[in-house]
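Engineer: The structure that follows is given in the form of structure tokens.
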Amino acid sequence: MSDVIVGIDLGTTQSAVAVVDSGFPILLADEDGSRLTPSVVWYGGEGALEVGRAALRRSGVEPVVTSVKRLMGRRPSEVEGRLTAEGKIPTKGGDVSPEEVSAEILKRLKVIAETRLETAVAKAVITVPAYFHDGQRAATKRAGELAGLEVVRILSEPTAAALSYGLDRLGENSRVAVFDLGGGTFDVSILEMREGVFEVGATAGDTKLGGDDFDDLLAKKAADRLSFDLDGADGLERVRWLDESRRVKHALSVDDRVIFRMPFTGECEISRADFDAWMGPFLDRMESCCRRAMLDAGVDASDLAAVVMVGGSSRIPVVKGRVSSIFGREPDLSQHPDEAIARGAAIQAGILAGTVREVLLLDVTPLSLGIETMGGLMNVLISRNTTIPCKAGEMFTNAVDGQRSMTVTVLQGERELAADNWKLGSFEVEFEPDRRGQARVGVEFRIDADGILSVLARDVSTGRDTLIEVGSAAVDVHEAKVEQMVSESIEFAFEDMSARVFEEARLKAEELLPAVEVALEQAGEFLEPGVLSEIKAARDGVRRALDAKQAQSLKSAVEALDQSTETLAAILVERASSSFFPVREID
Amino acid sequence: MNAFSRLGLPRKLVIDPGELDRVIRGMSKSAHPDAGGEGSDFEEVRKAGEVLKSPVGRLRLALELAGGNLEARGSVDGQVMDFFTPVAGVLQKVDGFVAERSASRSALGKAVLDARIPSLKTEVELLIGGLGALEASLVDRFKQFDEAGWEGSLLSMAETVRALAFVTKWQAQLRAATGKLFEALLGG
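Respectively, the protein sequence lines represent chains F and H.
Per the working numbering, residue 809 is the first one in the first sequence, and the count goes up by one each step.
Per the working numbering, residue 1333 is the first one in the second sequence, and the count goes up by one each step.
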């Protein structure tokens, strides 16, 4: 068995495998000469299975599994009907887990590598979005193992791209930002490259933001124009709409106007200006992440030597434009958007194999790690952007005489309330029976170089260490179901109660009415006359509905006022934002 | 763990930050598991680096190494205590703002509240600036401690640790407050 370690970019829409050859990372092509493998798997029943391009060809004709990355390490309640209550994906070949589907893609990449390298491949570095939490990283690692690969490192994608960018610039000492917008996920990282050490200062991102969302959006907008009920469409029909959306999206990166064509339904023109406007909310989310990463890293845009853009969706002109305005410079497009991450994974594989010696990577944990306190708050033990590997200790003691154990819940996230964060799992701390406050157990939380948590408990009196299994909540079916049931029941209960509806609307109206006056005074002059009169009409409508004391009409009047004041609110927020984000002029 | 000896640095309070970064980077590079090091070595290097990078961490360690006693309840410089009321006041204001904003039910209501952000941010930044200047003047004493010898400066060192501890804590709290204002804007 050879000691070769391959680098794998396991992407939402496509994947790639690479190795370092004579100090230089290269992508490995399949028998058709293609270096990118679609992340698509087809299950035909009775064991029939196809992966990659062969599976993609069936898309729109037969059901295929796509974008499985967005399901990795997720609970059914998080992904709106894509997973069964047991956390599986239904296929003709039976229910399969997201890990199993990813494993099929990885097996295919393993075969490509073995064919090209003419040797067995047993080890791999696999990339994940920087903003993946522990559960998503662990699920990716399990997928690798299912594919017969020892996963020697889980590597963050923007960091991988930075390795690819920095390998030919080892002599330079500089800070760069990597902006990685892929098919399903978005990350931004700020790194410092100095004397061959790549040190990540901060990372931010959104694991539910990428090219898939833009396709969904285009399909929805086109369906509106063609008066087609997309929500009522069956699975295969939806796939055809999404395929056409993808084609139009790609074409709009080149042309100003593209015809959206659906056979038997109709066609409509979509302009780049339409698309750019629709992208606004997504661009705002990306901008927030960029701002936060810079704030966390303690850098200003002017401190950066380059902003490296990678990921397929970085080809979209309006995305490039927003990146220029956030960072006040033209982005660096020197890296191949679809290949840089696999190249970087191969470089990290080379570092681990000892074939690349002059480089070292210091990455960070993207999310704060903590435990739930008595009051339901999150107590942070390891804050986000701490260099990994790292550890933190916490002492637990019995609260009552003879207490034998306590449950500790581990969380990841940035919110103050425990319930708002991602619940990683929980474990039991066992105590020797003793008087209250006497039994003590020290617990050590370690985050390894893969960004994955392990927990060790040390009994202070015996000095004995035990590795604690943190109960994975990834397929916490019961909990997910209960949550769903509870939220549904509450919604229905309130829907029926017009008293409740009136009360909610009244509170909102009483807040909005004075807010409208203040806001108009501060920014009314910047509004178009039409918008201004619309706001005034909506305001008077709310006043009348308040007097009439009728629940439904007040509710809709408040909604109308809410909508008509959107622009006004945006002007005020923009003004407040300028204190954080100085407006920069760029050519 | 003695962070000075862990990083192979002389026992001096006055450290050139660039030099410290260079040493931490060099040792991180050889101690990292990917370069054949032990994970625990790497963590030690990072921890030692954190201690020495922070003025209060460095001084506290020096005091301990010189056999001094921190006397946590000892007196605190009047200049430092002058900041107590304004810091507490602005932190309370920011928390109040965040609570009020999150209770707000409409985008316009939030937007109207957001008009307060710039002035709150200025207040926070003024205090951070003031504390920064105070910290710099406290750190200026490090040179005297090095020259006079730590053993002969224990009382003054202990007093400076207490002062720096307050300054550092408040700076962190004020930075967190800036973060809260920022998150409020992003939270939409």
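All C-beta atoms, glycine included, are put in the ideal place defined by N, C-alpha and C.
Check this for me: beta carbons of F:G1410 and F:T820, under 8 Å apart or not?
Structural biologist: Since the first and last residues shown for chain F are 809 and 1395, residue 1410 of chain F lies out of range.
Engineer: Below 7 Å between beta carbons is the criterion; list the residues of the segment 935-948 of chain F that meet it against any residue of chain H, in chain order.
Structural biologist: Result list empty, no residue passes.
Engineer: Would F:L818 and F:T948 qualify as a contact pair, given that the criterion is a beta-carbon distance under 8 Å?
Structural biologist: Closer than 8 Å, so yes.
Engineer: Please tell me whether F:Q1330 has its Cβ less than 8 Å away from any Cβ of chain H.
Structural biologist: yes
Engineer: Consult DSSP for F:L1168 and reduce its assignment to one of helix, strand or coil.
Structural biologist: strand
Engineer: Please list the terminal residues of the continuous beta strand (DSSP E) segment that includes F:F987.
Structural biologist: S982 to L989
Engineer: Looking at the structure shown, is F:D1023 part of a helix, part of a strand, or coil, going by DSSP?
Structural biologist: helix
Engineer: Closer than 7 Å by beta-carbon distance: list the chain H residues that pair up with F:I1159, in chain order.
Structural biologist: D1366
Engineer: Provide the residue span of the beta strand (DSSP E) that contains F:Y851, from first to last.
Structural biologist: The continuous beta strand (DSSP E) containing F:Y851 extends over residues V849 to G853.
Engineer: How would you list, in chain order, the residues of chain F whose beta-carbon sits under 8 Å from the beta-carbon of H:R1357?
Structural biologist: Neighbours of H:R1357 in chain F, taken as residues at a C-beta separation under 8 Å, are given in chain order as R1002, E1003, V1005 and E1007.
Engineer: Does DSSP put F:T927 in a helix, in a strand, or in coil?
Structural biologist: Under the three-state reduction of DSSP, F:T927 is assigned to coil, being neither helix nor strand.
Engineer: I want to see whether chain F comes within less than 8 Å of H:K1425, judged by CB atoms only; does it?
Structural biologist: no
Engineer: Please decide whether F:K1029 counts as near chain H, where near means a Cβ-Cβ distance under 8 Å.
Structural biologist: no
Engineer: Specify the secondary structure class of F:A1368 as computed by DSSP and reduced to three states.
Structural biologist: helix
Engineer: Tell me the DSSP bridge mates of F:F999?
Structural biologist: Reading off the sequence, residue 999 of chain F comes out as Leu, not Phe. Its beta-bridge partners are F:V984 and F:V1008.
Engineer: Quick check on F:K900: does DSSP put it in helix, strand or coil?
Structural biologist: coil
Engineer: If you reduce the DSSP assignment to three classes, tell me which class H:M1333 lands in.
Structural biologist: coil
Engineer: Excluding five sequence neighbours on each side, which residues of the same chain lie with their C-beta closer than 6 Å to the C-beta of F:C1411?
Structural biologist: A query on residue 1411 of chain F cannot be resolved here, the shown segment of chain F reaching from 809 to 1395 and no further.
Engineer: For F:G1332, I'd like the list of residues in its chain whose CB is within less than 7 Å of its CB, leaving aside the five on either flank, ordered along the chain.
Structural biologist: L1340
Engineer: When the Cα atoms are used, what is the spatial distance from F:A893 to F:P884?
Structural biologist: Spanning the two alpha carbons is a distance of roughly 6 Å.
Engineer: Apply the 10 Å Cβ neighbour rule to F:M1117 and answer buried if 16 or more other Cβ atoms are within range, or exposed otherwise.
Structural biologist: buried
Engineer: In whole angstroms, what is the alpha-carbon distance linking H:L1517 and H:G1511?
Structural biologist: 10 Å
Engineer: Would you say H:D1446 lies against chain F (beta-carbon separation less than 8 Å)?
Structural biologist: By this cut-off, H:D1446 is an interface position.
Engineer: Would a check of beta-carbon distances place H:G1484 closer than 8 Å to chain F?
Structural biologist: No, H:G1484 does not count as interfacial toward chain F.
Engineer: Could you tell me which chain H residues have their CB closer than 8 Å to the CB of F:P1197, listed as they occur along the chain?
Structural biologist: Those are P1365, G1371, F1374 and E1375, listed as they occur along chain H.
Engineer: Just list the residues that DSSP pairs F:S1262 with in beta bridges.
Structural biologist: F:R1254
Engineer: Step through the CB atoms of chain F and report whether any lies within less than 8 Å of the CB of H:F1474.
Structural biologist: no
Engineer: Whether or not the segment 1346-1364 of chain F and the segment 1314-1329 of chain F are in contact is what I'm after, with contact meaning three or more pairs of Cβ atoms, one per stretch, closer than 8 Å; do they touch?
Structural biologist: yes
Engineer: Counting C-beta neighbours from all protein chains within 10 Å, is the total for F:A1227 16 or more, i.e. buried, or is it exposed?
Structural biologist: exposed
Engineer: Between H:K1501 and H:F1429, what straight-line distance do the alpha-carbon atoms span, to the nearest angstrom?
Structural biologist: 21 Å
Engineer: Below 8 Å, can you find three or more Cβ-Cβ pairs linking the segment 1475-1492 of chain H to the segment 1433-1450 of chain H?
Structural biologist: Counting C-beta pairs closer than 8 Å gives fewer than three between the segment 1475-1492 of chain H and the segment 1433-1450 of chain H, which falls short of the contact rule.
Engineer: Straight-line CA distance for F:D1258 to F:G1013?
Structural biologist: The alpha-carbon atoms of F:D1258 and F:G1013 are separated by roughly 18 Å.
Engineer: Can you confirm whether H:S1436, when its beta carbon is compared against all beta carbons of chain F, has any partner nearer than 8 Å?
Structural biologist: Cβ-Cβ to chain F under 8 Å: yes for H:S1436.
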